[in-house]
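Take 1 as the starting number for the sequence shown in full-length UniProt numbering and just add one per residue.
C-beta atoms are modelled at their ideal positions from N, C-alpha and C, and glycine is treated no differently.
Read the structure below first, then the notes.
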Amino acid sequence: MNNADSAFGEDTTSDLPAIAILAGGKSRRMGRDKAQLEWNGVSWLEHTARVALDATPNVAIIGRNRPQLWPLKNVVFLEDAVSGAGPLGGVLAALRWAKNTKKNSVLALACDMPKLSVEAVSWIFKVAAQQRLQHGLAVRNDGRIEPLFSIYTTDCLALIGQRLACIETSPARFSLQSLIESGDFELVNAPFHIAARLLNLNTPQDLKVLTEK
Numbered sequence: 001m002n003n004a005d006s007a008f009g010e011d012t013t014s015d016l017p018a019i020a021i022l023a024g025g026k027s028r029r030m031g032r033d034k035a036q037l038e039w040n041g042v043s044w045l046e047h048t049a050r051v052a053l054d055a056t057p058n059v060a061i062i063g064r065n066r067p068q069l070w071p072l073k074n075v076v077f078l079e080d081a082v083s084g085a086g087p088l089g090g091v092l093a094a095l096r097w098a099k100n101t102k103k104n105s106v107l108a109l110a111c112d113m114p115k116l117s118v119e120a121v122s123w124i125f126k127v128a129a130q131q132r133l134q135h136g137l138a139v140r141n142d143g144r145i146e147p148l149f150s151i152y153t154t155d156c157l158a159l160i161g162q163r164l165a166c167i168e169t170s171p172a173r174f175s176l177q178s179l180i181e182s183g184d185f186e187l188v189n190a191p192f193h194i195a196a197r198l199l200n201l202n203t204p205q206d207l208k209v210l211t212e213k
């Protein structure tokens, strides 16, 4: 992993990453489907998809079927590439989709960041445009990697395949954190105003924080 300079500059590329929203989690700690929780009258999943569409036309939701009353027609719904592989299977499906649509990289997003903004997505796109990425660009937030606010390139496909091949002897290789640590990822620290948009909610108690911040 390498440290990337987070200084802004002119975006020199029009080849923006695609965006994949991983929405196949079981939401066990929350006790109900997080993607369907609402804030300001909109489900978290729909909010994330709207933010993504404001940043790029290439948006997919991984790990669930299209809801019956889904309002956004330009979003692709895909199954996980490997059942039971968690977020790693979601990123694999996203990268295969991106490659088929002639995209070289994917910004992977969680569906449980209801304060995510277009500003945050634009920020990571600008940082990525200034780097020559091998496997991707990982964001650090308060010292911790945010694997579901990070960019993965299609060069990751072989790396993920190797990890899945060894999964029975090393279940930890399912981890996106482990993938980032073992791969050639640039690292960038999220500035305060971006970190505030990455609020991740996992339990009913966390919902109280949503109204306080």
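Query	Result
Using the Cα positions of Ile145 and Val139, report the straight-line distance between them to the nearest angstrom.	6 Å
Going by beta-carbon coordinates alone, are Arg96 and Ala81 separated by less than 8 Å?	yes
Going by the DSSP bridge assignment, what does Ile194 pair with across the sheet?	Partner(s): none; Ile194 has no beta bridge.
Quick check on Pro87: does DSSP put it in helix, strand or coil?	helix
Suppose contacts are defined by Cβ-Cβ distances below 8 Å. Is Leu72 in contact with Ala49 by that definition?	yes
Is the beta carbon of Ile62 closer than 8 Å to that of Ala93?	yes
So, are the CB atoms of Leu198 and Phe149 less than 8 Å apart?	yes
Which same chain residues end up closer than 8 Å to Gly90 when comparing Cβ atoms and leaving out the 5 residues on each side of it in sequence?	Ala20, Leu22, Gly24, Ile62, Gly63, Asp80, Ala81 and Ala108
Within its chain, find whatever has a CB closer than 8 Å to the CB of Gly183; leave out the 5 residues flanking it on each side and keep chain order.	Met1, Gln134, His135, Gly136, Cys156 and Leu159
Going by beta-carbon coordinates alone, are Val51 and Ser117 separated by less than 8 Å?	yes
Specify, as a first and last residue, the run of the alpha helix (DSSP H) that Gly161 falls within.	Cys156 to Ala165
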